[in-house]
Amino acid sequence: MAQIDVKLSITNLKKMKGNLAIEFYRNVENYTKGQNAFKKLYVPVAEIDKYETVFKDIEPTFYAVKVFLDTNNNKKLDKSFLGVRKEPYGFSKNLDPILREPTFEEAKVEMTEENNTIVIKLNNNKGEE
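First residue of the sequence shown? That's 1429 in the working numbering, and the numbers climb one at a time after it.
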């Protein structure tokens, strides 16, 4: 099967500063553990509303994506003692279950030559406008 290029667009950055942590997963086990992402990026951003990138020559299959904007550069998604996310975050399919991450099955999207774009709108629980 031919490899494809997958486009990823992260929107709703609201010109905030920090590092975008992007993780692409291909299987339930790695996604659930948050380990061994198939593709992983940690990209500095500032003063933009949208970030776009292309992952070249990847296998057409199911992927689930986790993203967060690390505003304090500690390389983890900060949460309150109740588990509420304190930094902007997003998942493939723009899912937002309360107090948990969506499962791999909930978040997975099939990437094909015809369907090769994922758009994730960051959620911001901090109430910033």
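Using N, Cα and C, we set each Cβ at its ideal position, and we do this for glycine too.
Residue from the options whose Cα sits closest to the Cα of residue i
i     : options                       : result
L1550 : A1430, F1509 and I1450        : I1450
L1441 : A1535, S1520, F1496 and V1512 : F1496
T1489 : N1552, E1541 and T1439        : E1541
F1532 : N1458, A1430, K1445 and G1446 : N1458
A1492 : I1476, E1534 and D1477        : E1534
Collapsed DSSP secondary structure at residue i in the structure displayed
i     : result
A1535 : helix
N1447 : strand
V1512 : coil
E1480 : strand
N1551 : strand
Span separating the alpha-carbon of residue i from that of residue j
i     : j     : result
E1480 : F1509 : 32 Å
E1557 : E1529 : Unreliable placement is indicated for E1557, whose pLDDT of 35 sits below 50; the coordinate value is still reported in the next sentence. Those two C-alpha atoms are separated by around 23 Å.
P1472 : N1502 : 13 Å
F1466 : F1452 : 5 Å
V1547 : L1523 : 12 Å
Opening and closing residue of the alpha helix (DSSP H) in which residue i lies
i     : result
K1461 : V1456 to K1461
Range covered by the beta strand (DSSP E) that runs through residue i
i     : result
F1519 : Y1517 to F1519
Buried/exposed call for residue i, threshold 16 Cβ in 10 Å
i     : result
I1526 : exposed
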